[in-house]
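Take a look at the structure set out below.
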């Protein structure tokens, strides 16, 4: 997975038969799937140290456990053009839209793979909450981009206000309103998930190459490598503070879905309590700014 090598290339390298390589690959993949079930989970629900130790975020985001986003992983879909079309994303590539939640060290606490590339982030999230096992504890929140509806314990940025860090950098202006300040701090914290996706795809070359694995095997690989990424973080093989190339796919996805915000709102609904909580954070943060 890290090298993106085919069975044939691996067989040539290790001087083994294709059957041996194929069997060994799937044995290891299945073992990593078991690891993933134990290691992709929240570690703690107490205020996160990177928030507590930073006056830009504390106490405003003390109840935030992490950030979530969707990113497209290219897949190989066998079948006719009609069967493939549902997997085609807005860039015209066949992909699965993978939802992931991470803490502020970039450690994955939840992953859901398997949704078609045509599905938007809001739809995938609703599925994770309603039909899978994504649970956000009471009075806790996750940070999401404008592709998600404000509600269901998801704190999103203010619509129509500068948000992404690169937009803030290009503007070269300090926040002028509570909403701009909130969006800036929100983006700085939520950047953890874009870094996590970037690190994940950076380590495992297979996600950057033309896909050759069958869809079911590729989905297993997504879960397995997410768990392996956590393992590497937990045992100090990855420096969480080391600069990484952000996941451009996630950034483009965010921008596209922000433009389609109305549909996401209809799907997820707007929770007035969450919106009021966001307003309270913005006001108190601005008063202390």
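In the UniProt record's numbering, the protein residues as written are 1 to 289.
Glycine is no exception: its CB is placed at the ideal position from the N, C-alpha and C atoms.
- Use the C-beta contact count for residue 95: other C-beta atoms within 10 angstroms, 16 or more gives buried, fewer gives exposed. buried
- Task: Hey, could you find the ends of the beta strand (DSSP E) residue 316 is sitting in?
- Result: With the chain represented from 1 up to 289, any question about residue 316 goes unanswered, as that position is not in the structure.
- Where residue 179 falls, given that 16 or more other Cβ within 10 Å makes a residue buried: buried
- Measure the Cβ-Cβ separation of residue 143 and residue 155 and say whether it is below 8 Å. yes
- With residue 114 as the anchor, note down where its beta strand (DSSP E) starts and where it stops. 108 to 116
- Query: Between the C-alpha atoms of residue 234 and residue 81, what's the straight-line distance to the nearest angstrom?
  - Reply: 43 Å
- Could you name the residues of the same chain whose beta carbon sits closer than 6 Å to that of residue 108, not counting the 5 residues immediately before and after it, in chain order? 40, 100, 102, 226 and 230
- Task: Report yes if the C-beta distance between residue 244 and residue 202 is below 8 Å; otherwise report no.
- Result: yes
- Message: Judging by CA-CA distance, which residue of 57, 75 and 111 is the nearest neighbour of residue 69?
- Response: 111
- Task: State the DSSP-derived secondary structure class of residue 216, mapped to helix, strand or coil.
- Result: helix
- Message: So the candidates are 213, 185, 46 and 126; which of them puts its Cα closest to the Cα of residue 55?
- Response: 185
- Task: Hey, could you find the ends of the alpha helix (DSSP H) residue 127 is sitting in?
- Result: 121 to 130
- Tell me, please, whether the stretch 58 to 74 touches the stretch 87 to 94 by the rule of three or more beta-carbon pairs shorter than 8 Å. yes
- Rounded to whole angstroms, what's the CA-CA distance from residue 145 to residue 152? Just pull it up for me. 14 Å
- Query: If you draw a straight line from the alpha carbon of residue 280 to that of residue 273, how long is it in whole angstroms?
  - Reply: 11 Å
- Return yes when the Cβ of residue 86 is within less than 8 Å of the Cβ of residue 118, no when it is not. yes
- Item | Sub-8 Å separation of residue 33 and residue 242 beta-carbons | no
- Item | Distance, residue 138 Cα to residue 149 Cα | 18 Å
- Quickly, what does DSSP pair residue 154 with across the bridge? List them, please. 142 and 151
- Message: Whole angstroms are fine: how far does the CA of residue 114 sit from the CA of residue 131?
- Response: 13 Å
- In angstroms with no decimal places, state the Cα-to-Cα distance between residue 192 and residue 62. 16 Å
- Task: Go ahead and pull the three-state DSSP assignment for residue 246.
- Result: coil
- Residue from 236, 38 and 289 with nearest C-alpha to residue 182: 289
- Where residue 17 falls: helix, strand or coil (DSSP): coil
- Taking just the CA atoms, how far does residue 59 sit from residue 306? No information on residue 306 is available, as it lies outside the stretch 1 to 289 that the chain covers here.
- Query: Residue range of the alpha helix (DSSP H) that residue 96 falls in?
  - Reply: Segment 95 to 102 is the beta strand (DSSP E) holding residue 96; no alpha helix (DSSP H) there.
- CA-CA distance, residue 57 and residue 51? 5 Å
- Task: Tell whether a beta-carbon distance below 8 Å holds between residue 67 and residue 223.
- Result: no
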